[in-house]
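Peer 1: In UniProt numbering, the protein residues as written are 1 to 238.
Ideal Cβ placement from N, Cα and C applies to all residues, glycine included.
Shown below is the structure under consideration.
Shown next, in the form of structure tokens:
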């Protein structure tokens, strides 16, 4: 696992952030990590990396046992520098490849495999334990409830469906025109429905602060997260 060389002398600990696609969590978490000098963990990239490996090696995604066996054998090298997050599978950099449409369309088959989830959750918890001293922000769909329920700060970023789909369309297609919105709506709806069978990422658990980002600009969301972190974790942020 690669990490940034320096960290901010303020907040130390774990910030856990959950949210559905299009809630803005990835870009917001990277910005918060940069401002606070924290490491950054994109847990979704780990599921995408396993998806890439399964497709690359011709493993049937419906064969849950075969996929889980593959997952346990993979060496995943996660770069936790928020300025250049990345991931490699068995030494192969797949940072760009895991964002391909074919991965987005297949990742739910991996994310709903309970044996895969168990393996990746254990890896994620090991990373958080290692980086808790320097400080880390982790984002995904079950960070506040499963991976790090004892995190120092726990947040759920939400947004209404229209806002989420428009953001995701711009991210995936570079535009939010009618065709992009239609394609994105189908993809997001399918993934959310499948993923919701194994984790509830649309409702805040007890102790989790919910932030509705629908009407907020990017900078406003970042500022809101920083304020909540400051209020929750104390005056350690400078």
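Rounded to whole angstroms, what is the Cα-Cα separation between residue 185 and residue 229?
Peer 2: Your numbering for residue 185 matches position 185 in the chain shown. Your numbering for residue 229 matches position 229 in the chain shown. Those two C-alpha atoms are separated by around 32 angstroms.
Peer 1: Residue 24: which of 222, 46, 78 and 84 sits nearest, CA to CA?
Peer 2: In the chain shown, counting from the first residue as 1, residue 24 sits at position 24. Cα-wise, what sits closest to residue 24 is 222.
Peer 1: Mind the definition here: the stretch 59-74 touches the stretch 11-20 only if three or more C-beta pairs lie below 8 angstroms; say whether that holds.
Peer 2: The stretch 59-74, when compared against the stretch 11-20, does not touch it at the 8 angstroms Cβ threshold.
Peer 1: Taking the continuous alpha helix (DSSP H) assigned at residue 169, which residues delimit it?
Peer 2: Taking the first residue of the chain shown as 1, we reach residue 169 at position 169. Where residue 169 is concerned, the enclosing alpha helix (DSSP H) stretches over 161-173.
Peer 1: Measure the CB-CB distance between residue 110 and residue 50 and report whether it falls below 8 angstroms.
Peer 2: As a position in the chain shown, residue 110 is number 110, starting the count at 1. As a position in the chain shown, residue 50 is number 50, starting the count at 1. Contact flag set, yes.
Peer 1: Looking at the structure shown, is residue 77 part of a helix, part of a strand, or coil, going by DSSP?
Peer 2: As a working note, residue 77 is residue 77 in the chain shown. Residue 77: strand per DSSP, three-state reduction.
Peer 1: Just to confirm before moving on: does the CB-CB distance between residue 29 and residue 40 stay below 8 angstroms?
Peer 2: Position 29 of the chain shown, counting from 1, holds the residue named residue 29. Position 40 of the chain shown, counting from 1, holds the residue named residue 40. Their beta carbons are under 8 angstroms apart, which means residue 29 touches residue 40 by this criterion.
Peer 1: Please check the pair residue 12 and residue 135, which I expect to be a contact at CB under 8 angstroms, by giving their CB distance rounded to whole angstroms.
Peer 2: Translated into the one-based positions of the chain shown, residue 12 becomes position 12. Translated into the one-based positions of the chain shown, residue 135 becomes position 135. About 5 angstroms; that satisfies the 8 angstroms criterion.
Peer 1: Counting Cβ pairs closer than 8 angstroms, one from the stretch 75-92 and one from the stretch 163-172, do we hit at least three?
Peer 2: As far as the Cβ criterion goes, the stretch 75-92 does not touch the stretch 163-172, which means the pair count is below three.
Peer 1: Measure the Cβ-Cβ separation of residue 76 and residue 87 and say whether it is below 8 angstroms.
Peer 2: For the purposes of this step, residue 76 is taken as the residue at position 76 of the chain shown. For the purposes of this step, residue 87 is taken as the residue at position 87 of the chain shown. A contact, by the Cβ cut-off of 8 angstroms.
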